[in-house]
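See below for the structure under consideration.
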Amino acid sequence: MVKEVNPLAEKIGSRIASRRKQLGLTQEQAAEKAGLSHQFFACVERGLKNIRAESIVKISKAMDISADYILTGISSDIDRSHIMSLMEPLTETQLKCLEEIVRNYLIACGHDKPKF
Numbered sequence: 000m001v002k003e004v005n006p007l008a009e010k011i012g013s014r015i016a017s018r019r020k021q022l023g024l025t026q027e028q029a030a031e032k033a034g035l036s037h038q039f040f041a042c043v044e045r046g047l048k049n050i051r052a053e054s055i056v057k058i059s060k061a062m063d064i065s066a067d068y069i070l071t072g073i074s075s076d077i078d079r080s081h082i083m084s085l086m087e088p089l090t091e092t093q094l095k096c097l098e099e100i101v102r103n104y105l106i107a108c109g110h111d112k113p114k115f
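For the sequence shown, the positions run 0 to 115 when numbering that gives the first Met the number 0 is used.
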């Protein structure tokens with residue numbers, strides 16, 4: 000008997016898988032960091048298992064991503080704050096270069112030319 004995939008569980012799993020890949024982790028490595036079994040983690044990524052709040056918190060901490068984003072797919076102020084903290088060690092020149100990169104990225108993603 001094939002188990003039905005819950006659409007919300009599938010979206011949550013997809014966001015977790017995407018973040019794991021972004022970090023360059025295998026499922027096994029990510030599961031270990033979160034203190035979860037590899038089998039359970041793999042099922043969550045595929046949307047085959049619903050995930051409890053406790054496991055969401057573990058994954059959130061292990062993968063440095065907000066629980067809000069895992070659940071809703073919407074970046075929170077915490078996510079934005081984290082990005083800002085990553086820029087703290089940059090010099091003024093490096094920040095200007097990053098600004099240009101971000102402008103070009105936004106244009107490449109189809110946004111109007113940003114006005115800052």
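From the three backbone atoms N, C-alpha and C, an ideal C-beta is built for every residue, glycine too.
- Sixteen is the threshold: when 16 or more other Cβ atoms of the shown chains lie within 10 Å of the Cβ of Ile-64, as they do, the residue is buried.
- Counting along the chain, the unbroken alpha helix (DSSP H) around Glu-44 starts and ends at 37-44.
- Less than 9 Å divides the Cβ of Lys-112 from the Cβ of Leu-105.
- In this chain, the alpha helix (DSSP H) harbouring His-81 covers 76-85.
- Comparing alpha-carbon positions, the option among Lys-60, Leu-89, Ser-36 and Pro-88 lying closest to Asp-78 turns out to be Lys-60.
- Setting aside the 5 residues that flank it on each side, Met-62 is surrounded in the same chain by Arg-18, each with a C-beta closer than 6 Å to its C-beta; the list follows chain order.
- Annotation: Gly-72 to Arg-51 spans about 17 Å, alpha carbon to alpha carbon.
- Linking Ser-74 to Ser-80 through their CA atoms gives a straight-line distance of about 10 Å.
- At the C-beta level, Lys-48 and Gly-34 stay beyond 9 Å of one another.
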